[in-house]
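*Asks:* Quick one: the structure is below, questions incoming.
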Amino acid sequence: MLLAQLQPSEDKMDKELWWTKVHRCAPKEAATLQLQNRLVGLNEQQIDIISKLTELCTVDTEMPQFQEKVANETYRDIQGSGVLTDYFFYRNPSMKTVSLNSLPGIEPNQVRVFSFVPLPAVAGDEIDSTLRLGMLNLEAYLAEEGGARDMVTDRSFAKLLDSKIQRYTGGKVAKESFSKLLAVNEVPDIASAVMSGEINQAKVWEFRNTRIANEFRKWFEEIGPASPDILTTEYIKALASGGFLSSRKGKILRFIVMQAVGASFVPLTQGFSLIASLGLSAVDSFVLENIRMGFNPRYFVDDLRSLFPK
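Counting from 11, one number per residue, gives the positions in the sequence shown under the working numbering.
Here you go:
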């Protein structure tokens with residue numbers, strides 16, 4: 011699987027249709043073409059202003075991580091899904107392993123391009139299924155790169171997200187363990203919250219890459235797949251052992267740092283400051299991420315809970 015850009019030769023670019031040009035031109039020009047050809051009633055000044063705003067809000071990416079974030083992630087999604095692997099083997103009984111680099115359907119000198127054209131215009135085979143999943147992962151990656159607050163995508167993304175959660179948490183037993191851990195701490199189900207729109211998906215991707223989340227995955231992989239009861243027992247032990255921020259000195263340090271940060275902002279109006287207008291939770295998360303020493307799974311649970319609206 012690879013990402014390629016197709017465009018006409020230089021001698022034919024002046025004859026290129028606008029709706030094909032928008033896929034390769036600069037953001038400002040693309041926005042201008044879309045507004046000129048799809049909307050009625052905007053004058054040139056309005057179009058110019060909107061196009062400039064689009065350019066300012068655009069995040070450019072050269073897709074340096076396409077192979078890892080999209081191609082390899084798609085392969086892992088398929089190999090980690092019992093439904094998909096069974097489907098591939100069912101269609102190809104002679105296959106001993108699912109080799110995603112040599113799926114049946116095209117010859118060595120051929121290529122298949124992803125298409126949004128509905129069935130039966132496309133083959134609908136294993137290759138199309140792989141490309142479709144790849145497009146969903148590409149959209150998720152671009153949303154992560156751009157820090158998108160919302161994402162409109164294929165309805166199949168819900169199933170893909172559920173598959174990822176099962177893969178990340180190690181299967182059915184690990185999923186039950188994780189669910190019980192959330193229930194014990196009265197934290198709602200994260201997958202349901204994302205799909206209902208209660209939690210922004212971009213925030214989940216950002217949270218997943220934090221140090222605390224990475225430390226939790228290491229801890230969970232050692233204990234979670236065993237059983238829900240064992241995980242709960244180990245979690246209670248971890249709470250009993252506490253940690254630096256759970257100690258009296260840790261709480262005092264956290265209070266001092268928060269007061270120092272709040273005092274450093276010049277008041278905007280009487281009784282209000284910039285720290286209040288921005289919201290304490292953002293600064294609180296930053297401070298916690300940088301002054302926590304060691305690791306305790308409670309840190310992960312607290313940070314996960316903070317993703318939900320108050």
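Every residue, glycine too, gets a C-beta built ideally from N, C-alpha and C.
1) Taking three-plus beta-carbon pairs below 8 Å as touching, is the region 231-247 in contact with the region 182-197?
2) In terms of residues, what are the limits of the alpha helix (DSSP H) holding SER125?
3) Do we get a CB-CB distance below 8 Å when we pair ASP138 with the residues of chain C?
4) If PRO37 sits next to THR68, beta carbons under 8 Å apart, how far is it from one beta carbon to the other, in whole angstroms?
5) Under the three-state reduction of DSSP, which class applies to GLU231: helix, strand or coil?
6) Counting Cβ pairs closer than 8 Å, one from the region 39-47 and one from the region 24-31, do we hit at least three?
7) State the Cα-Cα distance for the pair LEU13 and ILE57, rounded to the nearest angstrom.
8) VAL80 and ASN195 look like a contact to me (Cβ under 8 Å); what is the Cβ gap, rounded to whole Å?
9) Going by alpha carbons, who is nearest to GLN15 out of ASP24, LYS22, CYS35, LEU27?
10) Are the CB atoms of VAL203 and GLU154 nearer to each other than 8 Å?
11) Alpha carbon to alpha carbon, what distance is there between THR64 and LEU148?
12) Taking GLU225 as the reference, which of PRO238, ILE88, PRO307 has the closest Cα?
13) Can you say whether PHE318 is buried or exposed, counting buried as having 16 or more other CB atoms within 10 angstroms of its CB?
14) So for PRO119, helix, strand or coil by DSSP?
15) Closest by CA to MET145, which one among GLN77, VAL197, ASP24, GLY115?
16) Go ahead and pull the three-state DSSP assignment for GLN15.
17) Taking all protein chains shown into account, do 16 or more other C-beta atoms lie within 10 angstroms of the C-beta of SER112, making it buried, or fewer, making it exposed?
18) Among residues of its own chain, excluding the 5 on either side of VAL214, which ones have a beta-carbon nearer than 8 Å to its beta-carbon?
19) With a Cβ-Cβ cutoff of 8 Å, do MET11 and THR84 count as a contact?
20) If I follow the unbroken alpha helix (DSSP H) through MET205, where does it start and stop?
21) Using CA coordinates, which residue listed in GLY115, LEU171, MET23, GLN55 is at the minimum distance from ASP87?
22) Within 10 angstroms of the Cβ of THR243, are there 16 or more other Cβ atoms? Answer buried if so, exposed if not.
23) In whole angstroms, give me the CA-to-CA distance for GLU20 and LEU27.
24) So, for LEU52: in the same chain, excluding its five sequence neighbours on each side, which residues have a beta-carbon less than 7 Å away from its beta-carbon?
25) Can you check which of these residues, ASP239, ASN82, VAL162, is closest to GLY207 by C-alpha distance?
26) To the nearest angstrom, how far is it from the Cα of MET23 to the Cα of GLN120?
27) Could you please give the first and the last residue of the uninterrupted alpha helix (DSSP H) stretch that includes ASP24?
28) What's the call for THR71, buried or exposed, on a 16-neighbour Cβ count within 10 Å?
29) Quick one, are the C-beta atoms of VAL197 and ARG315 less than 8 Å apart?
30) Write down the C-beta distance between ASP135 and GLY115 rounded to the nearest angstrom, noting that I regard them as a contact closer than 8 Å.
*Replies:* In brief:
1) Because the criterion of three Cβ pairs below 8 Å is met, the region 231-247 and the region 182-197 touch.
2) Per DSSP, SER125 belongs to no alpha helix (DSSP H) and is neither H nor E.
3) As a matter of chain content, chain C is missing from the structure shown, which is built from one protein chain.
4) Indeed they touch by this definition, with Cβ atoms about 4 Å apart.
5) DSSP places GLU231 within a helical segment (H, G or I) once states are collapsed to three.
6) Between the region 39-47 and the region 24-31, the count of Cβ pairs shorter than 8 Å is three or higher; the stretches touch.
7) Per the coordinates, the alpha-carbon of LEU13 lies some 31 Å from the alpha-carbon of ILE57.
8) Wrong, their Cβ atoms sit about 34 Å apart, outside the cutoff.
9) Taking only the C-alpha atoms, the option nearest GLN15 is CYS35.
10) Here residue 203 turns out to be Ala, not Val, going by the sequence shown. Result no, Cβ atoms of ALA203 and GLU154 do not sit closer than 8 Å.
11) Looking at the backbone, the Cα of LEU148 and that of THR64 are separated by about 21 Å.
12) GLU225 has its Cα closest to that of PRO307, out of PRO238, ILE88, PRO307.
13) Looking at its Cβ environment, which holds fewer than 16 other Cβ atoms inside 10 Å, PHE318 is exposed.
14) According to the sequence provided, residue 119 is Asn. The question's Pro does not apply to it. Coil.
15) Taking only the C-alpha atoms, the option nearest MET145 is GLN77.
16) In the structure shown, GLN15 sits in coil (DSSP, three-state: anything other than H, G, I, E or B).
17) With a 10 Å radius around the Cβ and a threshold of 16 neighbouring Cβ atoms, SER112 comes out exposed.
18) Closer than 8 Å at Cβ, skipping near neighbours: ILE200, VAL204, LEU317.
19) For MET11 and THR84, yes; Cβs fall inside 8 Å.
20) Counting along the chain, the alpha helix (DSSP H) containing MET205 begins and ends at 200-206.
21) Of the candidates GLY115, LEU171, MET23, GLN55, the one whose C-alpha sits nearest the C-alpha of ASP87 is LEU171.
22) Under this definition THR243 is an exposed residue.
23) Rounded to the nearest angstrom, the two C-alpha atoms are 14 Å apart.
24) Result list for LEU52: LEU45, in chain order.
25) The shortest Cα separation from GLY207 among ASP239, ASN82, VAL162 belongs to VAL162.
26) Computed Cα separation, rounded: 26 Å.
27) Careful: ASP24 lies outside any alpha helix (DSSP H) and carries neither H nor E.
28) Exposed, because fewer than 16 other Cβ atoms sit within 10 Å of the Cβ of THR71.
29) Taking 8 Å as the Cβ cut-off, VAL197 and ARG315 qualify as a contacting pair.
30) That belief holds up - the Cβ atoms of ASP135 and GLY115 are roughly 5 Å apart, short of 8 Å.
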